[in-house]
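Undergrad: First the structure, then my questions, so here it is.
4 protein chains.
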Amino acid sequence: QENIILISKSMKNDFIVPEWQSFKQEIDKIYRNCRNNTNGDVASYIPQLARYSPDFWGVSVCTVDGQRYSNGDTSVPFSLQSCSKPLTYCMVQSTDEYIERVHKYVGHEPSGRSFNEISLDYQNKPHNPMINSGAIIVSSLLKPELSLPDRFDWTTKMMSKMTGGEHLSFNNAVFLSERETADRNFALAYYMRENKCFPEGTKLHEVLDFYFQLCSIEVTCESASVIAATLANGGICPMTGEKVFNSAAVRNTLSLMHSCGMYDYSGEFAFRVGLPAKSGVSGTVLLVVPNVMGICLWSPPLDKWGNSCRGIQFCQELVNVYNFHNYDNLKHTEKKMDP
Amino acid sequence: QENIILISKSMKNDFIVPEWQSFKQEIDKIYRNCRNNTNGDVASYIPQLARYSPDFWGVSVCTVDGQRYSNGDTSVPFSLQSCSKPLTYCMVQSTDEYIERVHKYVGHEPSGRSFNEISLDYQNKPHNPMINSGAIIVSSLLKPELSLPDRFDWTTKMMSKMTGGEHLSFNNAVFLSERETADRNFALAYYMRENKCFPEGTKLHEVLDFYFQLCSIEVTCESASVIAATLANGGICPMTGEKVFNSAAVRNTLSLMHSCGMYDYSGEFAFRVGLPAKSGVSGTVLLVVPNVMGICLWSPPLDKWGNSCRGIQFCQELVNVYNFHNYDNLKHTEKKMDP
Amino acid sequence: QENIILISKSMKNDFIVPEWQSFKQEIDKIYRNCRNNTNGDVASYIPQLARYSPDFWGVSVCTVDGQRYSNGDTSVPFSLQSCSKPLTYCMVQSTDEYIERVHKYVGHEPSGRSFNEISLDYQNKPHNPMINSGAIIVSSLLKPELSLPDRFDWTTKMMSKMTGGEHLSFNNAVFLSERETADRNFALAYYMRENKCFPEGTKLHEVLDFYFQLCSIEVTCESASVIAATLANGGICPMTGEKVFNSAAVRNTLSLMHSCGMYDYSGEFAFRVGLPAKSGVSGTVLLVVPNVMGICLWSPPLDKWGNSCRGIQFCQELVNVYNFHNYDNLKHTEKKMDP
Amino acid sequence: QENIILISKSMKNDFIVPEWQSFKQEIDKIYRNCRNNTNGDVASYIPQLARYSPDFWGVSVCTVDGQRYSNGDTSVPFSLQSCSKPLTYCMVQSTDEYIERVHKYVGHEPSGRSFNEISLDYQNKPHNPMINSGAIIVSSLLKPELSLPDRFDWTTKMMSKMTGGEHLSFNNAVFLSERETADRNFALAYYMRENKCFPEGTKLHEVLDFYFQLCSIEVTCESASVIAATLANGGICPMTGEKVFNSAAVRNTLSLMHSCGMYDYSGEFAFRVGLPAKSGVSGTVLLVVPNVMGICLWSPPLDKWGNSCRGIQFCQELVNVYNFHNYDNLKHTEKKMDP
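Chains as they are written, first to last, in this note's numbering: chain A, 235 to 573; chain B, 235 to 573; chain C, 235 to 573; chain D, 235 to 573.
This is how it looks when you write it as structure tokens:
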């Protein structure tokens with residue numbers, strides 16, 4: 235039935251990006267510009283990340299109408315790392331029990347501090363779910379009544395709905411490495427337990443294992459662009475039409491990606507790019523253009539903030555061309571292109 | 235000519251808020267709800283603010299099409315205080331010389347710290363133009379080639395364009411009091427001069443005087459709602475049709491109001507209300523609904539963050555009813571009202 | 235042979251405190267004054283500490299010539315807690331290998347921060363061995379080549395030499411409780427491991443166990459006064475004549491007790507009392523009057539800094555009467571008593 | 235009469251350093267060792283300091299019995315800078331009114347922070363009188379009932395008593411430069427006034443002028459060694475026999491020099507050297523060996539903490555040879571020399 239809608243839209247050329255060919259050419263151009271950017275260093279704190287070639291560079295786009303674009307290394311799997319944070323936050327908000335309760339445990343403020351800093355806000359909560367401490371708390375709220383295997387199962391099923399069934403796998407070597415080099419995360423977790431940040435009954439080591447596992451889930455640029463598109467589309471996967479999240483959960487997730495998604499560059503990113511996004515140390519950027527499209531950018535070399543160098547450049551060039559910035563669509567604006 | 239457009243729109247009922255009567259009734263209801271809120275304390279650090287009755291409560295709305303609404307104490311003058319910060323920032327961005335240069339002197343990150351904290355960002359700049367240190371820097375960039383009287387003249391003329399010629403005055407008693415109790419601002423200014431934050435040639439005491447004067451400019455709810463509407467309308471005053479700012483300046487201003495406008499409540503405000511706004515210790519909130527309307531809320535009692543208690547409640551109730559939140563207009567959203 | 239010396243000194247009345255009777259009367263008076271002090275609360279974070287009566291109050295003195303005084307609850311065992319810190323530091327300095335190396339791993343600065351704050355100095359080392367992080371590091375340096383049982387054995391043997399064979403025991407219930415409520419110490423340890431603070435090969439959980447065990451060693455006021463006297467006597471136990479430490483190790487230990495021994499009250503204590511001392515949450519104060527005597531004070535109720543209320547009062551009254559303050563013996567001083 | 239005592243002591247060879255010749259030879263050796271140290275940079279924030287040759291190197295000793303030693307550039311005048319801090323603190327404690335009250339306005343804790351950091355302790359007081367904020371407060375307590383000229387007069391008279399009438403002058407160019415580059419001190423002062431740190435009636439700009447003037451008083455190595463000797467001698471100038479301070483004031487001053495005198499190196503200095511000292515950016519170190527001697531070291535090149543490189547080396551070598559460390563005189567110590 236969904237297919238009928240797609241075909242019908244196609245017939246009427248009623249897609250969200252009507253001029254798809256010229257849009258693709260524009261994205262091709264930006265893709266090539268960014269390929270020349272050889273700044274940054276591949277994350278090296280675990281060997282599984284260090285081994286990725288700095289040359290990898292992939293861009294995938296999926297619009298809310300299911301229009302697709304891919305260029306470069308878009309079918310190579312990589313781990314989600316911090317890009318799992320907005321996804322698990324959105325899931326927690328979609329469960330009946332925690333939609334209201336989650337913010338009893340975690341704040342919604344940019345911290346003004348490093349993503350792994352050992353500090354809590356004035357209410358003794360992690361500042362927000364996009365930093366490590368907050369994401370660990372969110373992990374502890376994900377179906378806590380289930381066993382660990384069932385929690386992992388449930389979470390990957392939710393993610394699979396977001397990818398519309400496209401590539402999703404688990405990299406056990408990454409998980410084992412993450413756990414082995416996780417001194418800071420253990421320090422954060424013990425510090426939070428001391429400050430009674432966790433819901434009662436939380437098993438600390440189990441939650442950390444779960445958190446590391448979530449970071450070790452693998453996607454490709456292609457499948458991740460569908461994830462971003464599901465967020466752009468208010469929680470409904472554009473490839474399957476399945477409603478994965480309610481729109482309130484997506485609204486909250488996009489709000490926090492907007493203000494806190496790009497590590498310590500978040501404020502400047504919100505100012506310059508003005509779109510919700512989340513980056514991860516694997517070199518990934520999930521970028522959401524609400525009501526229009528989801529984009530996944532992947533290139534391992536990172537800048538000093540931990541964001542993909544090519545990914546940041548792509549975002550910047552994209553909003554220079556298109557009117558995607560949050561405050562670009564003001565009336566009377568000197569027009570950028572509307573794709 | 236502008237009037238002809240207004241009349242023509244009126245004929246065709248083509249206004250941005252077509253159902254103006256029912257919208258006004260809804261706002262009336264919220265106005266009354268907030269009047270019952272007797273929380274908070276009137277700012278008392280200068281007698282001129284302390285003397286305002288905690289009962290004052292005014293709401294004025296001005297749409298981008300010039301539709302107007304006012305309820306309560308909307309023609310009582312009060313000083314802009316921190317609400318002057320986004321206005322001067324927008325002015326600096328509108329001057330040829332500084333549109334690019336201003337961010338060499340001031341950042342665009344939420345600071346994660348108190349609005350008057352003595353700290354600078356990692357580049358030794360104030361974190362953003364919405365906190366005291368950043369606004370002092372912005373003051374130093376406003377037409378520095380002019381004499382102090384001419385700078386003040388130029389600034390108030392710009393403000394007058396934003397109000398469309400409606401109420402704008404200067405409260406000299408407030409200025410004198412501000413200057414007398416300004417130990418922290420002097421400390422900030424000396425600390426910044428030590429860190430070479432000011433453009434060369436800046437006269438510190440002159441700049442501080444100028445800054446205190448800008449905080450002491452008075453508006454009414456009515457005239458301030460036109461200011462907010464000018465920002466909502468991409469820099470063109472909806473009452474006069476005059477282009478006051480270019481849209482890039484307005485975009486940047488709204489971005490920073492969105493992330494940093496409500497003191498230490500900014501992150502939570504962005505999350506819950508999702509609109510650009512700026513508050514001041516006089517009990518004012520300037521609220522911008524881009525492309526739709528500007529709103530001025532005024533009620534002196536402040537919460538612990540320095541935001542007007544009734545003002546915050548009003549914003550919250552407004553977005554509960556209308557789809558004004560930045561991420562409310564997602565496709566497939568469970569519908570709130572669209573006015 | 236040592237006994238012959240003592241007897242001979244006694245014959246000649248050549249003891250360090252010649253007027254022992256009048257000294258004892260003076261101490262009796264101070265003891266009674268402090269008994270009236272009912273301020274403070276008994277530590278309650280583990281039940282084993284919480285159960286101690288707030289009425290316990292003991293004072294024991296042991297001079298460098300072996301003169302003894304005890305009043306009150308001086309034979310009730312209590313755990314050393316933080317009072318173990320200077321002892322293990324002194325031991326590490328007495329081992330051949332680490333006398334020089336220990337300060338590669340730990341600083342010698344007062345931290346200006348709380349005793350359990352998660353922070354390191356500018357060289358990424360714990361600030362000093364008297365705070366938790368520093369003491370954990372010191373534990374990792376104590377005979378690391380031995381097995382855990384042998385390390386514990388060696389350490390208690392050293393402590394036994396300091397007490398001259400007087401009371402020393404191990405409270406396993408305290409150890410188990412400490413380990414169970416040690417979230418902050420785990421956080422500190424993981425944070426330090428992340429920052430490569432530990433010597434290579436350190437097993438984190440083993441070191442923490444060892445550290446908690448050292449805190450759980452029990453003494454009495456009487457036996458602990460001999461420990462303090464061993465430090466006052468340059469490392470030679472006054473009761474047995476055995477040389478336990480070299481004088482350089484004792485010098486360094488006293489220096490750090492002087493500047494960092496009394497939690498966040500250390501600076502004020504150094505100013506007002508001017509003597510090396512170390513307090514613990516069991517309500518203990520080890521006080522050293524170099525070349526004269528060691529004193530152990532024990533009273534469970536603690537002030538807001540974690541120091542025994544009666545213990546602090548005793549120290550203050552003692553230096554009001556006697557010229558024990560580090561800078562009391564200036565020539566031309568308006569004389570206090572010289573015991 | 236004092237001379238008669240000196241002559242009589244000399245006759246009996248009853249001086250505090252009986253073997254003066256060999257002591258002088260030892261100091262000569264250390265002097266030469268330190269001359270080879272070419273580390274560090276001359277302070278350059280004002281031209282008056284920047285102009286001093288890095289080759290200047292002077293050492294003067296004055297014992298409590300008036301024995302004198304000088305080597306190198308010991309009659310070149312230089313400004314006291316921060317070395318004025320312990321002197322004014324001692325003066326305030328010697329005035330009837332403030333001996334008790336001074337610590338209502340300033341603490342006695344090492345701050346664990348930089349000497350000019352904008353922070354106050356938990357009671358909203360500067361941490362101690364040896365950092366800028368604390369010294370500014372102390373300046374405000376120095377004879378506040380007098381006019382500024384009379385306050386300056388009184389203070390220099392007190393200093394003159396400490397030098398026994400030897401060289402003391404005022405460098406007006408230094409004063410004017412200090413005042414011109416004093417942004418941080420102005421920031422500190424305004425911040426403190428905001429926090430109500432000053433006694434009522436304090437005129438901020440007057441106090442800052444006074445403080446800069448005190449920093450601009452000049453001494454020579456020779457005259458400053460007498461100042462240090464006056465402190466070593468419990469407040470009585472060894473050259474004139476005049477009682478300048480009561481011993482309680484000197485005790486407190488030495489306590490604070492011991493814990494806070496050497497900027498951020500204070501903790502390590504107390505650990506390694508174990509003597510009260512104060513350094514200044516002119517390259518000066520005032521070193522006090524209580525009951526024995528005062529020493530002034532002067533060499534402009536500074537290390538990263540702001541302490542004279544040669545001065546620090548001298549102190550270290552001195553305590554390696556002599557038993558001057560605070561905890562060196564323990565019984566049973568492996569002997570260092572006792573001069």
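Backbone N, C-alpha and C fix where the C-beta goes; we use that ideal spot for every residue, glycine too. Just so it is clear, the structure is predicted and the values come from calculations on it, not from any experiment.
Can you give me, in chain order, the residues of the segment 542–566 of chain A that have a beta carbon less than 8 angstroms from any beta carbon in chain B?
TA: HIS559, ASN560, TYR561, ASP562, ASN563, LEU564, LYS565, HIS566
Undergrad: Around the Cβ of C/THR518, are there at least 16 other Cβ atoms within 10 angstroms (buried) or fewer (exposed)?
TA: The residue given as residue 518 of chain C occupies position 284 in the third sequence. Per the 10 Å Cβ criterion, buried.
Undergrad: Using a Cβ-Cβ cutoff of less than 7 angstroms, which residues in the same chain neighbour C/GLY469 once the five nearest sequence positions on both sides are dropped?
TA: The residue given as residue 469 of chain C occupies position 235 in the third sequence. Once the five neighbours on either side are set aside, the close Cβ partners of C/GLY469 are LYS477, VAL478, PHE479, ASN480, SER481, ALA483, VAL484.
Undergrad: Suppose only complete runs of 4+ residues qualify. What are the alpha helix (DSSP H) ranges in the segment 295–334 of chain B, listed by chain order?
TA: For the segment 295–334 of chain B, the full-length alpha helix (DSSP H) segments reaching 4 residues or more read 318–328 along the chain.
Undergrad: For A/ASN563, which residues of its own chain have a beta-carbon under 8 angstroms away from its beta-carbon, when the five flanking residues on both sides are left out?
TA: One-based indexing of the first sequence puts residue 563 of chain A at position 329. So the list reads ASN557, once near-sequence residues are dropped.
Undergrad: Quick check on this structure: which residue in D/CYS317, D/ASN267, D/ASN273 has the alpha carbon closest to the alpha carbon of D/MET496?
TA: Taking the first residue of the fourth sequence as 1, we reach residue 496 of chain D at position 262. The option with the nearest alpha carbon to D/MET496 is D/CYS317.
Undergrad: Closest Cβ-Cβ distance between A/VAL484 and chain B: below 8 angstroms?
TA: What you label residue 484 of chain A is simply residue 250 of the first sequence in a count that begins at 1. So, interface residue.
Undergrad: Against C/ARG418, what residues of chain A qualify as contacts under a CB-to-CB distance less than 8 angstroms, listed in chain order?
TA: Counting from one through the third sequence, the residue named residue 418 of chain C turns up at place 184. Those are TYR424, TYR425, GLU428, listed as they occur along chain A.
Undergrad: Rank A/GLN315, A/GLN259, A/ARG302 by C-alpha distance to the C-alpha of A/PRO282 and give the top, closest one.
TA: Within the first sequence, numbered from 1, the residue matching residue 282 of chain A stands at position 48. The residue you asked about is not Pro; residue 282 of chain A is Gln in the sequence shown. If we check each option's Cα against that of A/GLN282, A/GLN315 comes out closest.
Undergrad: Counting only beta-carbon separations shorter than 8 angstroms, does B/ALA421 have a partner in chain D?
TA: Locating residue 421 of chain B in the second sequence gives position 187, counting from the first residue. Taking 8 angstroms as the CB threshold, B/ALA421 lines the interface with chain D.
Undergrad: Touching or not, the segment 368–386 of chain B and the segment 503–522 of chain B, by the rule of three or more beta carbon pairs under 8 angstroms?
TA: no
Undergrad: Below 9 angstroms on C-beta distance, what does D/ILE529 contact in chain B?
TA: In the fourth sequence, residue 529 of chain D corresponds to position 295, counting from 1. Per Cβ cutoff of 9 angstroms: no residues; D/ILE529 is ~34 angstroms from chain B at best.
Undergrad: Is the beta carbon of A/THR297 sitting closer than 8 angstroms to the one on A/ALA463?
TA: Within the first sequence, numbered from 1, the residue matching residue 297 of chain A stands at position 63. Within the first sequence, numbered from 1, the residue matching residue 463 of chain A stands at position 229. Yes. Within cutoff.
Undergrad: Between which two residues does the alpha helix (DSSP H) harbouring A/GLY540 extend?
TA: Along the first sequence, one-based indexing puts residue 540 of chain A at 306. Unbroken run through A/GLY540: none, as it is neither H nor E.
Undergrad: Return yes when the Cβ of B/MET393 is within less than 8 angstroms of the Cβ of B/ILE352, no when it is not.
TA: One-based indexing of the second sequence puts residue 352 of chain B at position 118. One-based indexing of the second sequence puts residue 393 of chain B at position 159. Result no, Cβ atoms of B/ILE352 and B/MET393 do not sit closer than 8 angstroms.
Undergrad: Distance, Cα to Cα, B/VAL326 vs B/VAL336?
TA: What you label residue 326 of chain B is simply residue 92 of the second sequence in a count that begins at 1. What you label residue 336 of chain B is simply residue 102 of the second sequence in a count that begins at 1. Cα-Cα distance, rounded: 7 angstroms.
Undergrad: Going by DSSP in three states, A/TRP532 sits in which element: helix, strand or coil?
TA: Within the first sequence, residue 532 of chain A is the residue found at index 298, counting from 1. Strand.
Undergrad: With 8 angstroms set as the bound, which would you pick, yes or no: does the beta-carbon of A/ILE352 sit closer than that to a beta-carbon of chain C?
TA: For the purposes of this step, residue 352 of chain A is identified with residue 118 of the first sequence, where counting begins at 1. Yes - at least one Cβ of chain C is within 8 angstroms of the one on A/ILE352.
Undergrad: Cβ atoms of B/ILE365 and B/SER345: under 8 angstroms apart, would you say?
TA: Within the second sequence, numbered from 1, the residue matching residue 345 of chain B stands at position 111. Within the second sequence, numbered from 1, the residue matching residue 365 of chain B stands at position 131. It is a contact, given that the beta carbons lie within the stated cut-off.
Undergrad: Based on the DSSP secondary-structure assignment, which residues constitute the bridge partners of A/SER403?
TA: As a first step, residue 403 of chain A is located in the first sequence; it is residue number 169 there, counting from the start. Answer by DSSP bridge pairing, in chain order: A/GLU452.
Undergrad: Output the residue ranges of the alpha helix (DSSP H) runs that lie fully inside the segment 361–405 of chain A and measure 4 residues or longer, sorted by chain position.
TA: 366–375, 382–396
Undergrad: I want to see whether chain A comes within less than 8 angstroms of B/ALA504, judged by CB atoms only; does it?
TA: Against the second sequence, residue 504 of chain B aligns to sequence position 270. Closer than 8 angstroms to some Cβ of chain A, the Cβ of B/ALA504 qualifies, so yes.
Undergrad: Return no unless some Cβ of chain B is closer than 8 angstroms to the Cβ of A/VAL523.
TA: If you number the first sequence from 1, residue 523 of chain A lands on position 289. Not closer than 8 angstroms to any Cβ of chain B, the Cβ of A/VAL523 fails to qualify, so no.
Undergrad: Look at the Cβ atom of C/TYR286, then the Cβ atom of C/SER294, and state whether they are nearer than 8 angstroms.
TA: As a position in the third sequence, residue 286 of chain C is number 52, starting the count at 1. As a position in the third sequence, residue 294 of chain C is number 60, starting the count at 1. Not in contact: C/TYR286 and C/SER294 (Cβ atoms no closer than 8 angstroms).
Undergrad: Anything in chain B within Cβ reach of A/PRO344, meaning under 7 angstroms, just list it in chain order.
TA: Here residue 344 of chain A refers to the residue found at position 110 of the first sequence. Ordered by position in chain B, the residues that pass the 7 angstroms Cβ test against A/PRO344 are PRO344, GLY346, GLY501.
Undergrad: Whose Cβ in chain B lies nearer than 7 angstroms to the Cβ of A/GLY508?
TA: As a first step, residue 508 of chain A must be located in the first sequence, where it is residue number 274. Residues of chain B passing the Cβ test: SER489.
Undergrad: Does DSSP put C/LYS512 in a helix, in a strand, or in coil?
TA: Counting from one through the third sequence, the residue named residue 512 of chain C turns up at place 278. Looking at C/LYS512 - three-state DSSP - the assignment turns out to be strand.
Undergrad: Rounded to whole angstroms, what is the Cα-Cα separation between D/ASP262 and D/GLU400?
TA: Here the question's residue 262 of chain D lines up with position 28 in the fourth sequence. Here the question's residue 400 of chain D lines up with position 166 in the fourth sequence. Going by the C-alpha atoms only, they are around 23 angstroms apart.
Undergrad: If I follow the unbroken alpha helix (DSSP H) through D/VAL484, where does it start and stop?
TA: Locating residue 484 of chain D in the fourth sequence gives position 250, counting from the first residue. Here the alpha helix (DSSP H) through D/VAL484 covers 481–494.
Undergrad: Going by DSSP, name the residue or residues bridged to C/MET473.
TA: As a working note, residue 473 of chain C is residue 239 in the third sequence. According to DSSP, which records beta bridges pairwise, C/MET473 is partnered with nothing at all.
Undergrad: What residue range is occupied by the uninterrupted beta strand (DSSP E) comprising A/LEU521?
TA: Along the first sequence, read from residue 1 onward, the residue named residue 521 of chain A stands at position 287. It spans 518–523 - the beta strand (DSSP E) in which A/LEU521 sits, taken as one unbroken run.
Undergrad: Using beta carbons (cut-off 8 angstroms, strictly below), is D/SER459 in contact with chain C?
TA: Taking the first residue of the fourth sequence as position 1, residue 459 of chain D is located at position 225. Closer than 8 angstroms: no.
Undergrad: Output, in chain order, the set of chain E residues within a Cβ distance shorter than 7 angstroms of D/SER328.
TA: Protein chains A, B, C and D are contained in the structure displayed, whereas chain E is not.
Undergrad: Between which residues of its own chain and C/VAL340 is the CB-CB distance below 7 angstroms, once the five residues before and five after are set aside?
TA: Position 106 of the third sequence, counted from the start, is the residue given in the question as residue 340 of chain C. These residues qualify, in order along the chain: LYS359, PRO360, ASN362, PRO363, GLY368, ILE371, VAL372.
Undergrad: Looking only at its chain, what residues have a beta carbon closer than 7 angstroms to the beta carbon of B/LYS319, apart from the 5 residues adjacent to it on each side?
TA: Position 85 of the second sequence, counted from the start, is the residue given in the question as residue 319 of chain B. Within the same chain, Cβ atoms closer than 7 angstroms to the Cβ of B/LYS319 are found at PRO363, MET364, ALA369, LYS512, the five residues on either side in sequence being excluded.
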